[in-house]
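In our numbering, the protein residues as written are 2 to 371. Cβ coordinates follow ideal geometry from the N, Cα and C atoms, glycine included. Here the structure is a predicted model, which is why all the values come from computation and not from measurement. Right, one structure below, let's go through it.
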Amino acid sequence: MNIETIAIQAGRTIDKATGAVMPPIHLSSTYLRDNEQEFVYSRVGNPTRNALEECLAALEDGAEAVAFASGMAAVAAVFQTLGKGDHVLLADDTYFGVRELVNDLLARWGLEHSLVDMTDLEAVKAAIRPNTRLLWIETPSNPMLKISDIAAIASIAHESGALLGVDGTWATPMLQPALALGADVVVHSTTKYLGGHSDLTGGVVVVKEQGELLEKVRFVQGIGGGVPSGFDCWLLLRGIRTLPYRMRGHCANARQVAHFLADHPKVHTIYYPGLEDHPNHDVAKRQMRDFGGMLSIRVVGGADSADKVAASTKIFWRATSLGGVESLIEHRAPVEDENTKTPWDLLRISVGLEHPDDLIADLAQALSKI
Ligand SMILES: *Cc1c(COP(=O)(O)O)cnc(C)c1O
């Protein structure tokens, strides 16, 4: 089946009690113990969460999906399958929350890590250590939109006996089949495009195969307890039904906005993998179905200018996060940690589903203020 069909069909059941075509929301925390029930307690298993997990596993063509209460809980679950003395190699521009996770929380339980530019394959090979168990990439990356070559990095990981994990949040399963390209595990912040309406937080881990990794992630879910509510699972499932068509709109709008900004005199640099002069354009073309709805720009005049543009847009809301139907703009460096490498004149843009002419007109008037 094609992904448009999977997004609508997967995880669907007809409610036996009522014949309802759309699923009920199971909010109950506990279930009758007559020894024949599949469900016992909702931290460990919930029917609405099961339907969601079935759908997410099908979208990624993975063995199983494990749902969490946020993207960070999902990332943390994968890292928590490792232990003291293990080493993780991460992309140097990984989402700043993940860098804080390994620097602080997981450093304190003995997990070693180092950062490398994952677009430099020789550097990746050189950075592998005898105790490297996991390579972690984010592609496209946040907020620099670097593209890492999933297939090439998977080979490097597997040659040294490590696993490859991909944070595919910005691409979604619609645009980038990370497991088919060679990853062992893929994570999404479902808060973003999968939910698609900026009204829930969630995360998911999808594994390629049954086995030890899956068992450990399930254990973190049930015992760590960072689980999504039945209501959030239902909302997310509702959002996923339109993912493929929303992504078409995000990609088409972002393409138009990117071409406008690429030629704008107040924009000195643009990061958008769909432009031919993007340094990783060829890799993006090979491994992605389209280039996504995200882009970053750097404006002339430094941090003050960036701040002024973000304050001057009328359709783009000035807010963090991404992937909703509404367009957002954010002056990024001030919200990251103090060691951020994000340039201070950078604006991150989540292109929504409004009409592209209105979006371009809004950016034009905001850029005219600097
Ligand atoms: C937002 C985001 C996360 C974190 O997800 P939350 O749902 O906010 O916890 C992780 N990775 C990427 C690439 C993100 O954009």
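Excluding five sequence positions before and after aspartate 358, none of the CB atoms of its chain fall closer than 8 Å to its own CB.
Taking the C-beta atoms as reference points, leucine 296 is found nearer than 8 Å to isoleucine 271.
Selection Pro141, Lys209, His269, Thr321 evaluated against aspartate 62 yields Lys209 as nearest (Cα-Cα). In the displayed model, tryptophan 235 falls within a helix according to three-state DSSP. For lysine 193, the shortest separation between its Cβ and any heavy atom of ligand 1 lies below 7 Å. Between the C-alpha atoms of alanine 8 and aspartate 305 there is a straight-line separation of about 43 Å.
Contact check between the stretch 104-115 and the stretch 77-88: three or more CB pairs, one atom from each, fall below 8 Å, which counts as touching. Under the three-state reduction of DSSP, aspartate 305 is assigned to helix. In this chain, the beta strand (DSSP E) harbouring aspartate 168 covers 164-168. Within the stretch 246-296, the complete beta strand (DSSP E) segments at least 3 residues long are 268-272, listed from N- to C-terminus. At least one heavy atom of ligand 1 lies less than 7 Å from the C-beta of methionine 73. Segment contact: the stretch 134-150 against the stretch 13-32, fewer than three CB-CB distances shorter than 8 Å; contact not assigned.
For valine 188, the CB contacts under 8 Å within the same chain, skipping 5 residues up- and downstream, are Gly72, Ala75, Val76, Val79, Gly166, Val167, Asp168, Gly169, Thr170, Gly204, Val205, Val206, Val207 in chain order. Taking glutamate 355 as the centre and dropping the five residues before and after it, the same chain places the C-beta of Ile316, Ser328 closer than 7 Å to its C-beta, in chain order.
Apart from the 5 residues on each side of it in sequence, valine 301 sits with its Cβ closer than 6 Å to the Cβ of Lys267, His269 in its chain, given in chain order. Here leucine 176 carries a helix assignment [DSSP, helix/strand/coil]. Ranked by Cα distance from aspartate 338, the first of Val41, Glu5, Leu201, Val99 is Val99.
The DSSP-derived three-state label of threonine 6 is helix.
Taking 8 Å as the cut-off, the beta carbon of leucine 237 is found closer than this to the beta carbon of glycine 196. By the CB criterion at 8 Å, alanine 158 and leucine 136 fall inside the cutoff. In the three-state reduction of the DSSP assignment, valine 89 falls in the strand class, which pools E and B. In the structure shown, glutamate 327 falls within a coil segment according to DSSP collapsed to helix, strand and coil. With a beta-carbon spacing of about 7 Å, alanine 172 and threonine 140 fall inside the 8 Å limit used to define contacts.
Distance from the C-beta of asparagine 47 to the nearest heavy atom of ligand 1 is not below 7 Å.
DSSP places histidine 198 in no beta strand (DSSP E); its state is neither H nor E. In the displayed model, serine 156 falls within a helix according to three-state DSSP. Listed in chain order, the alpha helix (DSSP H) runs fully inside the stretch 121-145 are 122-128, counting runs of at least 4 residues.
Across the structure, glycine 183 and aspartate 283 are spaced so that their CA atoms are roughly 18 Å apart.
About 4 Å separates the Cβ atoms of alanine 285 and proline 274, confirming a contact at the 8 Å cut-off.
Contact between asparagine 47 and glycine 231 holds, with the beta-carbon distance rounding to 5 Å and staying under 8 Å. Ranking Ala64, Thr6, Lys370, Pro25 by CA distance to the CA of arginine 219 puts Ala64 first.
Non-local beta-carbon contacts of isoleucine 350 in its own chain, meaning distances under 6 Å to residues more than five positions away in sequence, involve Leu296, Ile330 in chain order.
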